[in-house]
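In the working numbering, the protein residues as written are -7 to 390. Working notes, structure below.
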Amino acid sequence: MYRNILVINLMHLGDLMLVTPVLHTLRQNYPEARITLLADAKLADIVQENRNIDECLLIDKKGKDSSLLGILRFAWHLREKKYDLVVNLHRNERASALAALSGGKYIIGYAKPGFALLFDHVSPDQHMMMHEIHSHYAALRAAGVIDEIADAGLEMWLTPAAEEEAARLWAAHFAPEDRVIALNIGASWLTKRWVDEYFAEVADTYLTRGYHIAVMGGPMDVEIVERCRAQMRDRDNERLHIFTGKVSLGVLAGLLRRCILFITTDSGPMHVGVAMHVPVLCMFGASPIPGFYPYDARSISVRAPVPCHPCRIHECPLTGEEHMKCMKGMPPDLIIRYADQMLAECGEQPAYALAPPTAFETRVVEQVDGTFVLAPKGAAGRVVRPVMPAGLKAHGFD
-7 MYRNILVINL MHLGDLMLVT PVLHTLRQNY PEARITLLAD AKLADIVQEN
43 RNIDECLLID KKGKDSSLLG ILRFAWHLRE KKYDLVVNLH RNERASALAA
93 LSGGKYIIGY AKPGFALLFD HVSPDQHMMM HEIHSHYAAL RAAGVIDEIA
143 DAGLEMWLTP AAEEEAARLW AAHFAPEDRV IALNIGASWL TKRWVDEYFA
193 EVADTYLTRG YHIAVMGGPM DVEIVERCRA QMRDRDNERL HIFTGKVSLG
243 VLAGLLRRCI LFITTDSGPM HVGVAMHVPV LCMFGASPIP GFYPYDARSI
293 SVRAPVPCHP CRIHECPLTG EEHMKCMKGM PPDLIIRYAD QMLAECGEQP
343 AYALAPPTAF ETRVVEQVDG TFVLAPKGAA GRVVRPVMPA GLKAHGFD
């Protein structure tokens, strides 16, 4: 029986959101244990109120803890806490080093070679073959840490300050009867971004129908959003609301839980939307649906209609008409069709009024014989091997 548990994930927003079901499962398996999460300080809003942990340790990856000395100093701090179980949930150098040097009695999870020598059990990273959450569960089971999986989906609780600010902003922009659809245009990879002109067409369509459009995203997305807005016919409509780069992650979550639909790229905000139970419609280009789909059975994920999907390349190396063909092949009318379906299914209710999901595998739309169709159940877990053009190599399928 473990009584002092450390879970490590130092990666990006989406990766950290996908750790929250693991925290719930650990809490259910070890109700009396003290559970600590170590995460990137800039993502504190996401996890600091998590009810399945007792403490949230934050590391300043870009500041005082960025150097080798900073990592060693932080590792010494971990050793002082005398953890009897350390679980590392991302296979990168910094996290592997901190886990290996933590002094934990039993160290498990993913590890880079070298650091793996100090682990008691090293798990293969299987998110190319299954959802990242299921890969985490498999790692814990293989190491003998859990017997039962208690899957509650993605979870996030807001700080009182974030909820208060979200409520204030909502009241300032919207009336109680307004129907608000959220858009997220940005993504960390260029190959995960849908076409700006397509997003503009979707926004114009729903504005014409009387909906409000709330555009989300972080500071890095401001230029992308402005470029998209410039292509809209109705760019000055008072029902178009730009929140990009203006709110914290906690406030963004508070806004999303009041929306009726979230149309988004595969991105960190997409996973925040899932945690807020807003129905999610996502377009997948370079990234594989099996590993990262929106973890809610109400969601719909559209698979790129090209043989080189999912390439996992950050910038499309193809040129001319072939450049970003994966995203060009999912036109606005296709996304609007499935957005309309989701609005009808959920009754255009704000996310907070919907029951939490009890099933988590997304529905997949893919092209069959030249026509897009909703695939049979189980398609989300089907691994698609990319057929790359000559001279190019897919990442992550070796």
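Glycine is no exception: its CB is placed at the ideal position from the N, C-alpha and C atoms. All of these numbers come straight from a predicted model, not from anything done at the bench.
Taking Arg221 as reference, the option from Gly210, Leu247, Phe111 and Ile234 with the minimal CA-CA separation is Ile234. Pairing Lys317 with Val298, the inter-Cα distance amounts to about 7 Å. According to the DSSP assignment, Leu244 belongs to the alpha helix (DSSP H) that extends over Leu241 to Leu248. For the pair Ser279 and Pro302, the CB atoms are nearer than the 8 Å cut-off.
DSSP places Leu8 inside the alpha helix (DSSP H), whose first and last residues are Leu5 to Met9.
In its chain, beyond the 5 residues on either side, Val243, Gly246 and Leu247 have a beta carbon closer than 6 Å to the beta carbon of Ala158. Ile125 carries a helical assignment under DSSP once its states are collapsed to helix, strand and coil. The Cβ atoms of Ser291 and Thr354 sit closer than 8 Å to each other. According to the DSSP secondary-structure assignment, Gly283 is paired through a beta bridge with no residue. Under the Cβ criterion (8 Å, minimum of three pairs), the region 334 to 348 does not count as touching the region 372 to 380. Here the region 160 to 180 does not lie against the region 54 to 71, with fewer than 3 beta-carbon pairs under 8 Å apart. DSSP places Glu47 inside the beta strand (DSSP E), whose first and last residues are Glu47 to Ile51.
For the options Gly6, Ser58 and Glu313, the alpha carbon positioned closest to that of Glu85 is the one of Ser58. Excluding its 5 nearest sequence neighbours in each direction, Tyr98 has C-beta neighbours in its own chain below 6 Å: Leu77 and Asp112, listed in chain order. For Ala345, the closest alpha carbon among the candidates Ala386, Ala135 and Arg250 is that of Arg250. Taking the Cβ atoms as the reference, Asp46 lies roughly 5 Å from Arg26, within the contact range of under 8 Å.
Here Ala174 carries a strand assignment [DSSP, helix/strand/coil].
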